[in-house]
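K.L.:
Input: one structure, supplied below.
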Amino acid sequence: MAKKLYIFGIGGTGSRVIKALTMLFAAGCKLDNGFDTVIPIIIDPDISNGDLDRTKNILRLYQEIRCQVNQPDDFFSQDVRTINELTNNSGEINPDYFQFKLKGVDGSSFGKYIGFDELSDDALLSEDDKNFVRLFYSDENLKSDLSVGFKGNPNMGSIVLNQFTNSEDFQRFGLTFGSDDAIFIINSIFGGTGAAGFPLLLKNFRGNTGLPRAAQIKDAPIGGITYLPYFSLNDKPESSIDSDSFEEKAKIAIDYYNRTIINQNKINVLYLIGNKSANNIYENFEGKAEQKNDAHFLEMAGAIAVIDFCKNINSYSVDNGVAVNGTQVKEFGVEKDSEVLLFEHLNNENLKLLFEPLTKFRLYTEYLAKGLQKSLNVSRWTKSNIKLVKKSKNSCIDENYFNSPEYKNHIKGFNEYFTEWINEMSNNKPSFSPFNDITPDNALTLVKNKMPKGNFSFKSLDTENCLLIDQNEMKFSVDKKHTTLIKLFGKSTAGVLKKHNLFKK
Amino acid sequence: MITDVFSGIYETIFGIRDDKFSLIFSTLYNEWGYIKLGLTFLFIPLLSWFLFYYVWRYPYGKLWHWALWFLISGIVVFGCTWSLANTIILASNNQQLIDALNDPQSGYKQYASDLPLIYAMINTSLALVLGFICSLIFKRLSKVQMHLPF
Numbered sequence: 001m002a003k004k005l006y007i008f009g010i011g012g013t014g015s016r017v018i019k020a021l022t023m024l025f026a027a028g029c030k031l032d033n034g035f036d037t038v039i040p041i042i043i044d045p046d047i048s049n050g051d052l053d054r055t056k057n058i059l060r061l062y063q064e065i066r067c068q069v070n071q072p073d074d075f076f077s078q079d080v081r082t083i084n085e086l087t088n089n090s091g092e093i094n095p096d097y098f099q100f101k102l103k104g105v106d107g108s109s110f111g112k113y114i115g116f117d118e119l120s121d122d123a124l125l126s127e128d129d130k131n132f133v134r135l136f137y138s139d140e141n142l143k144s145d146l147s148v149g150f151k152g153n154p155n156m157g158s159i160v161l162n163q164f165t166n167s168e169d170f171q172r173f174g175l176t177f178g179s180d181d182a183i184f185i186i187n188s189i190f191g192g193t194g195a196a197g198f199p200l201l202l203k204n205f206r207g208n209t210g211l212p213r214a215a216q217i218k219d220a221p222i223g224g225i226t227y228l229p230y231f232s233l234n235d236k237p238e239s240s241i242d243s244d245s246f247e248e249k250a251k252i253a254i255d256y257y258n259r260t261i262i263n264q265n266k267i268n269v270l271y272l273i274g275n276k277s278a279n280n281i282y283e284n285f286e287g288k289a290e291q292k293n294d295a296h297f298l299e300m301a302g303a304i305a306v307i308d309f310c311k312n313i314n315s316y317s318v319d320n321g322v323a324v325n326g327t328q329v330k331e332f333g334v335e336k337d338s339e340v341l342l343f344e345h346l347n348n349e350n351l352k353l354l355f356e357p358l359t360k361f362r363l364y365t366e367y368l369a370k371g372l373q374k375s376l377n378v379s380r381w382t383k384s385n386i387k388l389v390k391k392s393k394n395s396c397i398d399e400n401y402f403n404s405p406e407y408k409n410h411i412k413g414f415n416e417y418f419t420e421w422i423n424e425m426s427n428n429k430p431s432f433s434p435f436n437d438i439t440p441d442n443a444l445t446l447v448k449n450k451m452p453k454g455n456f457s458f459k460s461l462d463t464e465n466c467l468l469i470d471q472n473e474m475k476f477s478v479d480k481k482h483t484t485l486i487k488l489f490g491k492s493t494a495g496v497l498k499k500h501n502l503f504k505k
Numbered sequence: 506m507i508t509d510v511f512s513g514i515y516e517t518i519f520g521i522r523d524d525k526f527s528l529i530f531s532t533l534y535n536e537w538g539y540i541k542l543g544l545t546f547l548f549i550p551l552l553s554w555f556l557f558y559y560v561w562r563y564p565y566g567k568l569w570h571w572a573l574w575f576l577i578s579g580i581v582v583f584g585c586t587w588s589l590a591n592t593i594i595l596a597s598n599n600q601q602l603i604d605a606l607n608d609p610q611s612g613y614k615q616y617a618s619d620l621p622l623i624y625a626m627i628n629t630s631l632a633l634v635l636g637f638i639c640s641l642i643f644k645r646l647s648k649v650q651m652h653l654p655f
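Here the protein sequences come in this chain order: H and V.
Quick note on the working numbering: the first sequence kicks off at 1 and runs consecutively.
Quick note on the working numbering: the second sequence kicks off at 506 and runs consecutively.
Below, the structure written as C-alpha cells:
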C-alpha cells in the first residue's frame, strides 16, 4: 500500500539535508517498505535564505524532470511532492509549496510580533508587563528583524514557530495524512530556528487535537535528526551570531530534549549527528541570500538517516503518542576516520547504499558535461534521421532534444547543482571526495582508488547507449520528454561500470 | 550448378570468353576457378560488412568511416581476385594450358596476362555493388552503426 513520508526540515540545516536527500533520490536511492512518496516541508522564517532558495530550486528541478519520465525506476525514481499537490490532486509544480509560511515575520521585529510596544511599563500601576517580558528577552532580541530568522535564539523561535501549527499549511498537512504515513524531522540544535522548532513540532504531532486526523498523527512513527555543531562561523563583530556559543547551546538544548523527548519516549528514533572537532569555518551571515553554506558530508549522513528510518519502520510502533519500544538514539560514524573521506571509509551498509547510485549519477552528469559533444549527431543513439530503418529505431534524443529548453533548464540545471553539491562536499572539512576530476579520455577512472579494466574513455558509455537505445522502455510520449535520457543512462552507466569491473557483476 | 552460374556471369554477362583460347576457360570451369572467383566477390563484401556492422563497436562512426571501409573492401576483392586469377590461369596444373602458355606462337601468354586484371576489375565492381546492397540490409539490424551510410 502506498505510504508517504513527511520530512520537516527546520532552518538552514533542514534545507541542506533535504537537498542532500534529493540528490540521493536523483541518483536512484529509494525509500524501503513501500514509502513511494516523500513530502519535504521546509520551515524557515528567513524566506530569502540562500540555502532555502537553492533547495527549493533543486526540488523544483527534480519534480520537473521526474514528471517528464515515464515510470522512472532508477534515476529520479522516488516521488517527491508538495502538500498542495496532494490536497488539490494536481501536478502543478510550484516550489513555494515546499515551504510552510510563517505569518507576521516579514519586516517585523520580534518586539512588534509579540506586541511588546502595546504593553504597559508603568510599575506603579502594577502593569509592568514590559519589564516582565524583558526578563526573557534582551533589547537586541526585541529589536531583532524576524525576516532573517532567529539568529541562534530558540527562546524567540519557540514563540514565533508556535503560530504555524495553527496555520492553513499545517491543517492541510493533517488532511493529507494517511494511516501508514510517517514523519521525520530535521533540525540543528545549536541555532535558533531548528532548536526551537523540533520540540514544538513534536509536541503538536503527539498532542494537538485541533489537527485533522490528529489520532493518526499522534500514533504515527516519527523519527528525527538533531544536528550537533558541525561547523563554525568566522568572528564578525557586527553579527549577533557567535559560533563560540554553539556547543553551550547544544548542551542546554540536549538536556531539554533528554528530559522532554527522549525520556518520555515521544519519538521513535533520534539520530544525533555532529562533528566535535569541527574546523570548517563558514562566512558569518545572519541570514538572507548570503546565508548559503557549502554542502557538507554530514548533511548526506542526515539523508542516509532518513533512508535508515524507513528501512526500519516496521520496528517502530506508537501507542497513545508514546513510542512502544522507547526512543532509540542512533549516531553516525565512519569506518575509518580521515580528513578526506572516500567511499572506502564508509561502513559496509552506507557503502552499499551510496557507492553505485552516486557513481552512476556522477558518470552520467560528467558525460553530459564533457562527453556529449563528441557523440552528438554522430553516435547512433543521438540520431533521429536514420534512413531505411523503422521509425522506432531512430533515437528520440537528438540534437533538437539537447538544444531544447527542457533539457537546458531542467537536466543541465539539475546536473549543475549535483556537481556543485559534490564539489562543495569535497572542499569542506572533513572532505568527502570520492571522485577524481576526469577528462573524456580517462572518464572511467572517476572513482578514487578504483582502477577500471579496459578502455577508460567515454567510448564504452556511448557504445552501451547505442546498444540500449531502441529498447521499448526507452521510448517516450510527447509529455514525457526526459524518459529516454533518464532511463537510458540509468541502465548504460550501470552496464559500463559493471563491464569495467567498477561494480560487482 | 554453381560453376554454371558463375561462368555465366563472367562469360555471358561480361562476355569474357574467346573460343580461340578455350583452354583457359575450360581450366577455369573444370578446376573450380569460376567458383573461387565468384566466391571472392560474394564473401569478401559479406564478411567485411558483417564485421563493420556487427563486430566493430565504434560509436563515433561517420560517413567517411563507411566510405573508407567500402574502399578497402573493394581493394581487398581486387587484390584477391587478381592473385587468384593469376594462380589459376598462369600457374595452372593443366599440362595442355601450360604448353599453350609456353608456346609464343599460340598467343595464349599475351591473352592470359590481361585476364587477371579484367577479372579483378569485374569482381571489384560486383563487390562494390553487392557491398552497398549488403550495407543497406545489414544496417537495419546493426546496433552501433545503424546510421551508416545514411
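Using N, Cα and C, we set each Cβ at its ideal position, and we do this for glycine too.
With three or more C-beta pairs closer than 8 Å as the rule, is the region 475-482 of chain H touching the region 69-85 of chain H?
P.N.:
Yes, the region 69-85 of chain H is in contact with the region 475-482 of chain H.
K.L.:
If distances are taken between C-alpha atoms only, which option among H:Asp441, H:Asp79, H:Gly223 comes closest to H:Asn314?
P.N.:
H:Asn314 has its Cα closest to that of H:Gly223, out of H:Asp441, H:Asp79, H:Gly223.
K.L.:
What is the DSSP secondary structure of H:Gly223, reduced to helix, strand or coil?
P.N.:
Note: H:Gly223 maps to strand in three-state DSSP.
K.L.:
Contact criterion: CB-CB distance below 9 Å. Does V:Val634 meet it with respect to chain H?
P.N.:
For V:Val634, the answer is no, since every Cβ of chain H falls outside 9 Å of its Cβ.
K.L.:
Under 9 Å, CB to CB, which of the residues in the region 533-566 of chain V have a partner in chain H?
P.N.:
Cβ contacts with chain H come from Arg562, Tyr563, Pro564, Tyr565, Gly566.
K.L.:
Can you tell me whether H:Ala295 is helix, strand or coil according to DSSP?
P.N.:
If DSSP states are grouped into helix, strand and coil, H:Ala295 belongs with coil.
K.L.:
Please list the partners that V:Gln650 has in chain H, where partner means a Cβ-to-Cβ separation under 9 Å.
P.N.:
Result: Arg380, Cys466.
K.L.:
Going by Cα to Cα distance, which pick from H:Gln63, H:Val340, H:Phe173, H:Tyr137 is closest to H:Ser431?
P.N.:
The option with the nearest alpha carbon to H:Ser431 is H:Val340.
K.L.:
Where in the region 163-205 of chain H do unbroken runs of the alpha helix (DSSP H), each at least 4 residues long, occur, reported from the N-terminal end onward?
P.N.:
Those alpha helix (DSSP H) runs which fall completely within the region 163-205 of chain H and span 4+ residues are 168-176.
K.L.:
Taking all protein chains shown into account, decide if H:Leu161 is buried (16 or more other Cβ within 10 angstroms of its Cβ) or exposed.
P.N.:
It counts as buried.
K.L.:
Could you work out which residue in H:Gly50, H:Lys504, H:Asn427, H:Lys412 is closest to H:Lys450 when comparing CA atoms only?
P.N.:
Among H:Gly50, H:Lys504, H:Asn427, H:Lys412, the Cα nearest to that of H:Lys450 is on H:Lys504.
K.L.:
Within the 9 Å Cβ cut-off, does V:Leu641 reach chain H?
P.N.:
Yes, V:Leu641 counts as interfacial toward chain H.
K.L.:
Using the beta-carbon count (16 or more within 10 Å), is H:Phe132 buried or exposed?
P.N.:
With fewer than 16 Cβ atoms within 10 Å of its Cβ, H:Phe132 is classed as exposed.
K.L.:
Name the chain H residues whose beta carbon is nearer than 9 Å to that of V:Arg480?
P.N.:
Residue 480 of chain V cannot be examined here, being either before or after the span of chain V that is shown, 506 to 655.
K.L.:
Hey, how far is the Cα of H:Asp294 from the Cα of H:Asn204?
P.N.:
Those two C-alpha atoms are separated by around 32 Å.
K.L.:
Looking at the secondary structure, which residues open and close the alpha helix (DSSP H) in which V:Asp619 lies?
P.N.:
Counting along the chain, the alpha helix (DSSP H) containing V:Asp619 begins and ends at 613-643.
K.L.:
Quick check: H:Pro199 and H:Tyr113, are their CB atoms within less than 9 Å of each other?
P.N.:
Not in contact: H:Pro199 and H:Tyr113 (Cβ atoms no closer than 9 Å).
K.L.:
Expressed to the nearest angstrom, what Euclidean distance is found between the alpha-carbon atoms of H:Val306 and H:Phe184?
P.N.:
Distance between the alpha carbons of H:Val306 and H:Phe184: 7 Å.
K.L.:
Nearest CA to the CA of H:Thr359: which residue from H:Ile273, H:Gly321, H:Val329, H:Lys491?
P.N.:
For the residues H:Ile273, H:Gly321, H:Val329, H:Lys491, the minimum Cα distance to H:Thr359 belongs to H:Lys491.
K.L.:
Would you say V:Phe519 reaches chain H, if we count a Cβ-Cβ gap shorter than 9 Å as a contact?
P.N.:
Not closer than 9 Å to any Cβ of chain H, the Cβ of V:Phe519 fails to qualify, so no.
K.L.:
So with CB distances below 9 Å, who are the chain V contacts of H:Leu546?
P.N.:
In the structure displayed, chain H extends from 1 to 505; residue 546 of chain H sits before or after that span and is not available.
K.L.:
Given that V:Phe655 touches chain H, what residues does it touch there, using C-beta distances under 9 Å?
P.N.:
What V:Phe655 touches in chain H: Asn385, Ile386, Lys387, Leu388.
K.L.:
Cβ atoms of H:Ser460 and H:Asn442: under 9 Å apart, would you say?
P.N.:
No, these two residues do not count as a Cβ contact at 9 Å.
K.L.:
Excluding the five sequence neighbours on either side, which residues of its own chain have a C-beta within less than 7 Å of the C-beta of V:Ile521, listed in chain order?
P.N.:
The residues are Tyr515, Ile623.
K.L.:
So for H:Gln328, helix, strand or coil by DSSP?
P.N.:
Here H:Gln328 sits in strand by DSSP.
K.L.:
Can you check whether the C-beta of V:Lys644 is within less than 9 Å of a C-beta belonging to chain H?
P.N.:
Closer than 9 Å: yes.
K.L.:
Please state whether DSSP places H:Ala27 in a helix, a strand or coil.
P.N.:
H:Ala27 falls in the coil class under three-state DSSP.
K.L.:
Rank H:Met300, H:Lys266, H:Leu467 by C-alpha distance to the C-alpha of H:Met425 and give the top, closest one.
P.N.:
Out of H:Met300, H:Lys266, H:Leu467, H:Met300 has the C-alpha closest to the C-alpha of H:Met425.
K.L.:
Given a limit of 7 Å on CB to CB distance, which residues of the region 460-490 of chain H reach chain V?
P.N.:
Cβ contacts with chain V come from Asp462, Thr463, Cys466, Leu467.
K.L.:
Is it true that the region 22-32 of chain H meets the region 76-83 of chain H, where meeting means three or more beta-carbon pairs spaced less than 8 Å apart?
P.N.:
Output reads yes: the region 76-83 of chain H touches the region 22-32 of chain H.
K.L.:
For H:Tyr6, report the span of its beta strand (DSSP E) as first-last.
P.N.:
Here the beta strand (DSSP E) through H:Tyr6 covers 3-10.
K.L.:
From the DSSP output, in three-state form, read off H:Asp121 for me.
P.N.:
In the structure shown, H:Asp121 sits in coil (DSSP, three-state: anything other than H, G, I, E or B).
K.L.:
Just to confirm before moving on: does the CB-CB distance between H:Gly495 and H:Pro440 stay below 9 Å?
P.N.:
No; because the gap between Cβ atoms is not below 9 Å, this pair is not in contact.
K.L.:
Run through DSSP, which three-state label would H:Val478 get?
P.N.:
Coil, per DSSP.
K.L.:
Mind checking the region 362-375 of chain H against chain V and listing, in chain order, the residues whose C-beta falls within less than 8 Å of any C-beta there?
P.N.:
The region 362-375 of chain H vs chain V, Cβ under 8 Å: Lys374, Ser375.
K.L.:
Have a look at the DSSP bridge pairing and note the partners of H:Tyr271.
P.N.:
DSSP lists H:Ile225, H:Lys330 as partners of H:Tyr271.
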